[in-house]
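Under our numbering, the first residue of the sequence shown is numbered 424, with each subsequent residue one higher.
Ideal Cβ positions, reconstructed from N, Cα and C, are used throughout, including at glycine.
Read the structure below first, then the notes.
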Amino acid sequence: MPSLDETSVDKDVFTETVNDTQASQTIENPVEPVQNRSSWRPPIKRQRHNDNIIQMMEMRSKERQEIVSSLQAKEDDMDLFFKSIALSVKKLRPDLINDAKLKSLQMVFQLEVRNKQLTGLPHISRDPNTSSSMCASIPPNSNSLRNRTISLRMADPSNSEVPTVSRTSHEFESEFQPPVRPFSPNIIVNKSLSFPTDLLSVLQNFPNGNYVIHVFNKDKKLNDAARKILVDAIVAWHIERKIKISRDYFEKVSIVIEKQFNDDKYIYFKKRGLKPSVTIPILTDEIESEECENLAAWLRVNSEPWTDVQTHWKNTFKKRRREILLNFSLDNWPLFKHSQGFNLIDLDFYEIYEEKSYGLFRKWPNYKNKIINTLNAKIKDKQNLKLLKYLNTINSSEAISDTIIALLIHALLPPSVKYISKENNKKIILKSTIKDSQDSMFLHVKTLNDFDNRVEHLKNHLTERNESLQPIIVVVGIDLLTITNYYVIYDQVKYKFQNCLSAIDACFKIFHVLNLKYPVSSINTWTFFQKYFYEIHLSEDDLIYYVYLLT
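Laid out in structure tokens, this is it:
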């Protein structure tokens, strides 16, 4: 404890320091005297006074330096250790300095708790040879560490009496807590303090977020489209606040999703590698129930009664969906190859997008009448002008008009991709044509006998371009104006339909249910069908300018 004389000296030094500071400010910013141009003289007395003050300040500065040096000489190794840490911290960025202060306090607090648990004593005394001591006391009626009292004793080794300053833990932390700053784009917010526990407010401030709330209020569950919007909203919320999202952190978010929406803990990750045209959230590992495994086994060996097939198919959707998104094989679900397998495709598509299932049939009649004027104004190439001329001569209610319009849409959305071909052992770069786009969506064969040969020829052609055969519509007829049957094929799957719209609807849904990519030549047309008729908008979709001209 400092003596009375030392206290008096400190007060004198403090008073003189204040006076010195005021005097220096007077020197730096002197009050300009009112000048009389006729009788102004240099302020000799003031100059002498200022010189005396400067001399006195230099003496006081030297004395203060000697006092500081003597105090530093009395520091022990522990004081120097923490001073070296403080000097290192001062060299950091301001945000890191605040972080260091907070973590230091947290670390000291944890050590105090551990020390208390190990000793089990209400007071902790330090070695009397040290320059300071600390004791922690806990109120007898306290059940929380937050209410404990921290008592700090700053002692002099030569003094037996030590004054005690007591503060609550909250006051102690508040004193050393880094100042709260208003949000700035350059400040990285502590993600542990910014966790979005109220997802409803996050959704309400996000485009299409109300759709998620509507789906949950209506069905008491989320579909895949709602889940995707929910995750996009959460990610956008964190990006706006400059918070980096790690895998472990997102798992914590999934727990909040599960609690607020009664939903499974879906983790939305995309496998590294080639980007699929349609990405659906991948389910986390689940322990499949014995009943689900039994139903899947039943579906592998049975195809009737069909009502039971449909019921069991719905109950195994999650298991099948996970397999499709990870490593899918049609052999695991042979009913996809059944003649009625498209009904099962339709069931799965409804589980994913629900109300989107009937978009094509609902919008097509009005769109067909509206698009004819655009076709007449835009189409210029001879091959498609022939189809357009025939379209203008028939009644729009005729079934063949749907096929012709679907083909002519390719002329309005020409492909923009290029591929490498070999001619005379030379590689040349070619651009996909409107005909390539049409052929990648509609394969025309004159008779069923030509079916297999034409499909095999198309596979070979695609292989040369480093592409594979994707779901495609096969039209059977003498020419494109006299179509008798429609088929949709993919791998070992073959579905038969009576009209063009049903075939387009089936082909589109196969892409989404089996998580397949659109053919590169017709990606513009398929994306247009996806966005306009089915109203499915995915963040990974390529921005195709032509698509928006037809919507």
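query	result
Three Cβ pairs or more, each shorter than 8 Å: is that satisfied between the region 861 to 872 and the region 938 to 946?	yes
Taking the straight line between their C-alpha atoms, what separation do you get for residue 952 and residue 783?	8 Å
Assign residue 650 to one of two classes, buried (16 or more other C-beta atoms within 10 Å of its C-beta) or exposed (fewer than that).	buried
Under 8 Å Cβ to Cβ from residue 792, same chain only, skipping five residues before and after it: list those, please.	819
Please state whether the Cβ-Cβ distance between residue 808 and residue 817 is less than 8 Å.	no
Among the residues of its own chain, which have a CB less than 7 Å from the CB of residue 964, if the five just before and after it don't count?	950
Return the Cβ separation of residue 909 and residue 922 in integer angstroms, given the expectation that the two are a contact with Cβ distance under 8 Å.	7 Å
So, with DSSP's three-state summary, where would you put residue 776?	helix
Exposed or buried, which one is residue 812 when buried takes at least 16 other CB atoms within 10 Å?	exposed
Going along the chain, which residues of its own chain have a beta-carbon closer than 7 Å to the beta-carbon of residue 962, five neighbours each way excluded?	655
Measuring CA to CA, which of 475, 511, 935 is closest to residue 747?	935
Consult DSSP for residue 841 and reduce its assignment to one of helix, strand or coil.	strand
Measure the C-alpha to C-alpha separation of residue 632 and residue 643 and round it to an integer number of angstroms.	16 Å
Inspect the beta-carbon positions of residue 975 and residue 765 and report whether they are closer than 8 Å.	The structure shown does not extend to residue 975, since the chain is modelled only from 424 to 974, so the question has no answer here.
Can residue 976 and residue 726 be called in contact, C-beta distance under 8 Å?	The requested residue 976 is not part of the displayed model; the chain covers only 424 to 974.
Drop a sphere of 10 angstroms on the beta-carbon of residue 729, count the other beta-carbons inside from all chains shown, and report buried for 16 or more, exposed for fewer.	exposed
From 928, 958, 665, 718, pick the residue whose C-alpha is nearest to that of residue 895; which is it?	928
For residue 484, is the classification buried or exposed, using 16 other Cβ atoms within 10 angstroms of its Cβ as the cut-off for buried?	exposed
At the level of alpha carbons, what is the spacing between residue 880 and residue 892?	11 Å
Determine the DSSP secondary structure at residue 646, reduced to helix, strand or coil.	coil
Residues in its own chain within less than 7 Å of residue 735 by CB, not counting five upstream and five downstream?	718, 721, 722
Any chance you could list the alpha helix (DSSP H) runs of at least 4 consecutive residues sitting entirely within the region 838 to 905, in chain order?	857 to 862, 874 to 887
According to DSSP, residue 916 sits in a beta bridge with which residue or residues?	913
What did DSSP end up calling residue 907 once you bin it into helix, strand or coil?	strand
Inspect the beta-carbon positions of residue 903 and residue 826 and report whether they are closer than 8 Å.	yes
Quick one: give me the first and last residue of the alpha helix (DSSP H) that residue 940 is part of.	That residue, residue 940, is in no alpha helix (DSSP H); it is neither H nor E in DSSP.
In whole angstroms, give me the CA-to-CA distance for residue 889 and residue 841.	12 Å
Please indicate yes or no: does the CB of residue 736 lie closer than 7 Å to some heavy atom of the ligand COA?	Of the ligands one can find in the structure shown there are none, so the ligand COA has no counterpart to examine.
Who are the Cβ neighbours of residue 752 in its own chain at under 7 Å, not counting the five residues just before and after it?	none
If you draw a straight line from the C-alpha of residue 652 to the C-alpha of residue 900, how long is it?	44 Å
Is the Cβ-Cβ distance between residue 924 and residue 933 less than 8 Å?	no
Please classify residue 579: is it buried, with 16 or more other beta-carbons within 10 angstroms of its beta-carbon, or exposed?	Residue confidence for residue 579 is low, a pLDDT of 40 falling below 50, so the modelled location carries little weight; the figure read from the coordinates is stated next. Burial call: exposed.
So the candidates are 897, 665, 786, 850; which of them puts its Cα closest to the Cα of residue 957?	786
Is the separation between the beta-carbon of residue 897 and that of residue 937 shorter than 8 Å?	no
Give the range of the alpha helix (DSSP H) segment to which residue 828 is assigned.	823 to 835
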